[in-house]
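Structure record follows, encoded as structure tokens.
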Amino acid sequence: MKYDIVLGGVGGQGILLASQVIAQAAMNRGLKVMMAETHGMAQRGGSVISHVRLGDIYGALVPEGHADLVVGFEYMEAFRQLKFLAKGKKLIINAHRIKPVTLETYPELDFDLGDYDVLRLDASRIALNLGNPIVTNMVIVGAMSQFAQLPASQQEIKDAIRESVPSQFAEIDLKAFEEGVRAAQ
Amino acid sequence: MGNEAIARGAVEAGVKVVAAYPGTPSSEIPNTISKIAKKYGIYFEWSTNEKVAYEVAFAGAVTGLRSMVTMKHVGLNVASDAFMASAEVGVEGGYVVVSADDPSLHSSQNEQDNRYYARLANIPCIEPGSPQEAKDYTIKAFEISEQYKMPVMLRTTTRVNHTRGDVELGDILSLERTPKFEKNPRRYVTVPTNARVLRENIIKKMDSFKSDLDTIEGKGSLGVIASGIAYNYVKETLLLLDVEAEIYKVAVTHPLSNAIIDFLNRHDDVIVVEELEPIVETEVRSMAQKENIPVTIYGKDIVPRAFELNTTRVANAFRKYKNLPLEEVREFDIPARPPILCPGCPHRASFYAIRKAAPKGIYPSGIGCYTLGFVPPLSAVDSCLCMGASIGFSCGLSEFVSDKIICTIGDSSFFHAGIPPLLDAVYNKHTFVVMILDNETTAMTGHQPHPGTGITGMGESVRKIYPEKLTEAMGIKTDVVDPHDVKRTIEVLKEAVKSDELRVVIARRKCIFLEGAERKNPYVVTDECTGCRLCLNQLGCPAIEFVEGKAVINELCNGCGVCAQICPSNAITGD
Chain A
1 MKYDIVLGGV GGQGILLASQ VIAQAAMNRG LKVMMAETHG MAQRGGSVIS
51 HVRLGDIYGA LVPEGHADLV VGFEYMEAFR QLKFLAKGKK LIINAHRIKP
101 VTLETYPELD FDLGDYDVLR LDASRIALNL GNPIVTNMVI VGAMSQFAQL
151 PASQQEIKDA IRESVPSQFA EIDLKAFEEG VRAAQ
Chain B
1 MGNEAIARGA VEAGVKVVAA YPGTPSSEIP NTISKIAKKY GIYFEWSTNE
51 KVAYEVAFAG AVTGLRSMVT MKHVGLNVAS DAFMASAEVG VEGGYVVVSA
101 DDPSLHSSQN EQDNRYYARL ANIPCIEPGS PQEAKDYTIK AFEISEQYKM
151 PVMLRTTTRV NHTRGDVELG DILSLERTPK FEKNPRRYVT VPTNARVLRE
201 NIIKKMDSFK SDLDTIEGKG SLGVIASGIA YNYVKETLLL LDVEAEIYKV
251 AVTHPLSNAI IDFLNRHDDV IVVEELEPIV ETEVRSMAQK ENIPVTIYGK
301 DIVPRAFELN TTRVANAFRK YKNLPLEEVR EFDIPARPPI LCPGCPHRAS
351 FYAIRKAAPK GIYPSGIGCY TLGFVPPLSA VDSCLCMGAS IGFSCGLSEF
401 VSDKIICTIG DSSFFHAGIP PLLDAVYNKH TFVVMILDNE TTAMTGHQPH
451 PGTGITGMGE SVRKIYPEKL TEAMGIKTDV VDPHDVKRTI EVLKEAVKSD
501 ELRVVIARRK CIFLEGAERK NPYVVTDECT GCRLCLNQLG CPAIEFVEGK
551 AVINELCNGC GVCAQICPSN AITGD
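Line order of the protein sequences matches chains A and B.
Note that this note's numbering has the first sequence beginning at 1, numbered continuously upward.
Note that this note's numbering has the second sequence beginning at 1, numbered continuously upward.
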């Protein structure tokens, strides 16, 4: 068994924590886990990418065209990582748009997504409604657990959230997770 | 994380001395050691640069303590003088030199392959390919170093340093050693008479080198030799393409084991898969030639040389070998989202002031967050060669062109490599303006302290060194400004440029994300906004957007107020 995920977004969106939660849940189940993340320059508002590989794997990088799931924490970033997704597999797109400073206006992006199974949601709005945009990442984790066949149950992921976040944030993070599950139903 | 695994490996091996200058992708090794040094009785220091770090840790190893120095690949360029000589002098306690290379230049100015350095110095080089190996090989490196009494390079790459995975821990070795420097001028004083003997010794040592770290697995008529992280991609490629092969996994990439000769003898075709330079490949070819083995060797003719490998690229190399159609990667045309200076970053205001003070000037710079000043609209960085190069480059440039020159250097870079070129500027009467962008930390690599911060790697408070005291002692007129006082900064810079003498202007304000930095609520744009776009077009701040003909400040704003100071309509207000 092997399950490959690529998460893309913008520095500061909490992609690393989201990746860690999924990885922790899989690790608790006894699966081999590897994660590769971008560091350094990319943290300064640039594109951020995280590879999460679960199961029978060797390297930390997901081969292009072979991912089971691609998640865009930001609209444009979803498409930036689309080259990793295998045909027929799942794509989650957060509607939230963050304009690159180097562009005048947010570009119109139109790609044929007919090859993929797509879930669109506005995780950032859901998080804002919960009172804190910072929990967008956990809304997306909830949506991932509902929409994709992650090799970890929703209960296991909730346990992993409790393990991974500071205790004072556990409640709102778990609430965000539940809202994400609902948005994907 | 691979870097935490290396730190753990060092602790398990009983390391007692660690020194470092931060640099991506190596920084989390010393960051981790810094947190646990006291607990495990380790002496740790953030050194002023990699050469000093190398010498500090080397001293530990010479006195018999297990010691480690960590740096990014280009850090070894800085440390190379000490590195080369120390290889021949040798050590008493194990000495591990971690060189974290950065294939694909995720956060670097080049992608040099430091395995060349191990060959240049003629010391063993070990290459882990996973977090587990990162820990295990660190321990092995200490053992090998102690066995052969010479430094050992642990060569990692970004994908090893920054890969997270489960790592099985081992016991922590308790080594009670009393450090002692045994005087031995014939060894430690490298005058030619002594160094000639050392030179012959190191050749003998390396000729006698043996290690059992390499492994062989699998069966097949095809042979594959893979080193470091490339091994993982080979394993996945064989599964993906359903190809059988015998794999020789190279853990020690210098010197190569003679076991490779038998391996070559068993196969008609051998593919060498390694990231970056054809180092193993070249040596394997040389072995085949020397031993007269009738084997066809494939390497960089089918495996890409530039940038990091992945399973897709390695699989395509195997397809080329088998004359199969290549797998095309579907590319989507997405506008770039380059990294930029953070909202409220004091460098933004400094660069704005530079452009105002010398609009037609030349702006040499160097390595740090501030390199991002090259991005339009700031466009106030015209060159970046390496750490500290802005001042040395300006020394030369000011002699050859008549343009006004304002060069920039960060505080950490100034201590690292900025002082000797500034002395040169005084000595040789070069005329330009040095702006020290002092954000009171090493920001780019994650806020490590340095001599100007008054905190050591062990968390101790010490006397701060102020750059202005150094520059004034050199006889250079020095001004200290707050870059967020935009008007004064521009005035001081203008005056400095006009003075036609060597001048230093220190722009001091804490990195916006440093503990204790002043952060305020977002500013707001009032109805006075005329939509002139000046703030948007001159600052390039991610917190300023333009919506329906007017500027809007978003939630990213940290309240630095620089935009309010430059707005010609006074249409931006804050706390």
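Quick reminder that beta carbons are idealized off the backbone N, C-alpha and C, glycines included.
Which of the three DSSP states is assigned to B:H106 in this structure? coil
Does the Cβ-Cβ distance between A:L113 and A:M76 come in under 8 angstroms? no
Tell me, to the nearest whole angstrom, how far the beta carbon of B:R199 is from that of B:E88; I am working on the premise that it is less than 8 angstroms. 6 angstroms
Note down the Cα distance separating B:I6 from B:T70, rounded to an integer number of angstroms. 10 angstroms
Alpha helix (DSSP H) containing B:D214: first to last residue? Counting along the chain, B:D214 falls outside any alpha helix (DSSP H), and DSSP gives it neither H nor E.
Measure the alpha-carbon distance for B:D81 versus B:E55 and round it to whole angstroms. 10 angstroms
Under the DSSP definition of a beta bridge, which residues are partnered with A:H51? A:V6 and A:A36
CA-CA distance, B:T576 and B:C560? Residue 576 of chain B lies beyond the range of chain B shown here (1 to 575); nothing can be said about it.
Distance cutoff 8 angstroms, beta carbons only. Does B:R348 sit that close to anything in chain D? Among the chains of the structure shown, chain D does not appear; the protein chains present are A and B.
Delimiting residues of the alpha helix (DSSP H) encompassing B:I123: Neither: B:I123 is in no alpha helix (DSSP H) and is coded neither H nor E.
Within the continuous alpha helix (DSSP H) that includes B:M563, where are the two ends? In the sequence under discussion, the amino acid at residue 563 of chain B is Cys, which differs from the Met named in the question. Counting along the chain, the alpha helix (DSSP H) containing B:C563 begins and ends at V562 to I566.
Taking 8 angstroms as the CB-CB limit, is A:Y58 close to chain B? yes
Whole beta strand (DSSP E) runs in the stretch 178 to 256 of chain B with 3 or more residues, listed along the chain? 215 to 217, 222 to 227, 245 to 250 and 252 to 254
By Cβ distance, which residues of its chain are closer than 6 angstroms to A:M35, with the 5 residues on each side in sequence left out? S19, A23 and V52
For B:D515, would you say it is in contact with chain A, using Cβ-to-Cβ distances shorter than 8 angstroms as the test? For the record, residue 515 of chain B in the displayed sequence is Glu; it is not Asp. No - not a single Cβ of chain A is within 8 angstroms of the one on B:E515.
Contact set between A:A86 and chain B, taken where Cβ atoms lie within less than 7 angstroms: The contacting residues do not exist; A:A86 stays about 11 angstroms from chain B at best.
For B:V329, return the contacting residues in chain A, with the cut-off set at a CB-CB distance below 7 angstroms. E64, G65 and K83
Name the residues in the stretch 270 to 294 of chain B whose C-beta lies less than 8 angstroms from a C-beta of chain A; which are they? none
Flag this pair as touching only if the stretch 38 to 48 of chain B and the stretch 450 to 460 of chain B have three or more C-beta atom pairs under 8 angstroms; answer yes or no. yes
In chain order, what residues of the same chain lie with their CB nearer than 7 angstroms to the CB of B:A141, ignoring the 5 residues before and after it? V96, I126, V152 and L154
List the whole-angstrom C-beta distance separating B:I247 from B:M287, where the pair is believed to meet the contact cut-off of C-beta under 8 angstroms. Actually they do not touch by this definition, with Cβ atoms about 17 angstroms apart.
Which same chain residues, not among the five before or five after A:R80, have their C-beta less than 7 angstroms away from its C-beta? G8 and S47
What are the residues of the stretch 339 to 368 of chain B that lie near chain A, defined by any Cβ-Cβ distance shorter than 8 angstroms? P339, I340, L341 and C342
For chain A, check one thing: does any of its Cβ atoms lie closer than 8 angstroms to the Cβ of B:N310? yes
What are the boundary residues of the beta strand (DSSP E) that A:D110 is part of? No beta strand (DSSP E) holds A:D110; DSSP gives it neither H nor E.
Can you tell me the Cα-Cα spacing of B:G170 and B:L213, whole angstroms? 18 angstroms
For the alpha helix (DSSP H) containing B:T489, name the first residue and the last one. V486 to K498
Helix, strand or coil for B:F44 per DSSP? strand
Three-way DSSP call (helix, strand, coil) for B:P22 in this model: coil
Is it buried or exposed, B:G41, if we count other Cβ atoms within 10 angstroms and call 16 or more buried? exposed
On the three-state DSSP scale, how would you describe B:M153? strand
Three-state secondary structure (DSSP) at B:D262? helix
Can you list the beta strand (DSSP E) stretches of 3 or more residues lying completely in the stretch 57 to 89 of chain B, in chain order? 67 to 72
Under DSSP, the alpha helix (DSSP H) around A:V181 begins and ends at which residues? S167 to A183
Measure from the C-beta of A:M27 to each C-beta in chain B and report whether the shortest distance is under 8 angstroms. yes
Is it buried or exposed, A:Q168, if we count other Cβ atoms within 10 angstroms and call 16 or more buried? exposed
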